[in-house]
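Quick note: the sequence shown uses my numbering, first residue -4, plus one each step.
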Amino acid sequence: MLDAVRHALIRALEGADPAEPIARARAIGGQDGLARSGRHDSLLGGVLLLVLDRLDDYREAHFARR
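The following block contains the structure:
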């Protein structure tokens, strides 16, 4: 999931619509279950979900009207 979120961030920073990598990251997160074995994994998963939420907000503000 981390690589998919990184890819979404890079797309957004390049000015491209990050919709596809956001969807892929969410799908990967759903398959993993995000909560693996420990507290740190859960914390990282939560932070990544927050990043995806902000990227969705960015995408809606910049690309949804096109």
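Glycine included, every Cβ here is placed at the ideal spot set by N, Cα and C. The structure presented is a predicted model; accordingly, all values stated were derived computationally and were not measured.
Item: Of all the options 37, 42, 56 and -4, which has the alpha carbon lying nearest to the alpha carbon of residue 18?; Value: -4
Item: Do residue 50 and residue 7 have their C-beta atoms within less than 7 angstroms of each other?; Value: yes
Item: What number of angstroms, rounded off, separates the C-alpha of residue 42 from the C-alpha of residue 36?; Value: 10 angstroms
Item: If you draw a straight line from the C-alpha of residue 33 to the C-alpha of residue 25, how long is it?; Value: 17 angstroms
Item: Less than 8 angstroms between the CB atoms is what I'm expecting for residue 54 and residue 13, so what's the real figure, rounded?; Value: 6 angstroms
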